[in-house]
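**Student:**
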Amino acid sequence: MPQGTCPECKATVHVDEDADKGDIIECDECGAVLRLVGLDPIELDLESDYEDDDEDDDYDDDYDDEDDERDRYY
Ligand SMILES: [Zn+2]
Numbered sequence: 071m072p073q074g075t076c077p078e079c080k081a082t083v084h085v086d087e088d089a090d091k092g093d094i095i096e097c098d099e100c101g102a103v104l105r106l107v108g109l110d111p112i113e114l115d116l117e118s119d120y121e122d123d124d125e126d127d128d129y130d131d132d133y134d135d136e137d138d139e140r141d142r143y144y
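Numbering follows this note's numbering, with no gaps: position 16 of the sequence shown is 86.
(1) Where do the N-terminal and C-terminal ends of the beta strand (DSSP E) with V85 fall, by residue?
(2) Write down the C-beta distance between V83 and C97 rounded to the nearest angstrom, noting that I regard them as a contact closer than 8 Å.
(3) Any residues whose CB sits closer than 5 Å to a heavy atom of ligand 1? List them in chain order?
(4) Please return the same chain residues whose Cβ sits closer than 6 Å to the Cβ of Y120, not counting the five positions on each side in sequence.
(5) Does DSSP classify E117 as helix, strand or coil?
(6) Taking the alpha-carbon positions, what's the C100 to E87 distance?
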């Protein structure tokens, strides 16, 4: 599984094999919201505007899918 480094806490962040540039990944260590900006090698940027960003429709679609699975899981 590909790995990146959290820019916030320097922890190793595991990235899905099928992740794409622009995907949002949460750091397991510090909970920082990171955006995948490079795949080879893996590059992660802190997504500081995440809380206020309601304009990224692509991301909202992806997030809804994950949310459904989480709801089922719980
Ligand atoms: Zn972190």
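From the three backbone atoms N, C-alpha and C, an ideal C-beta is built for every residue, glycine too. This structure is a prediction, so every number in the text was calculated from the model and none was measured.
**Tutor:** The relevant details are as follows:
(1) Here V85 belongs to no beta strand (DSSP E), and DSSP marks it neither H nor E.
(2) 5 Å
(3) C76, E78, C79, A81, C97, E99, C100 and A102
(4) With a pLDDT of 49 at Y120, under the threshold of 50, the modelled position of that residue is not reliable, and no figure is offered here.
(5) coil
(6) 22 Å
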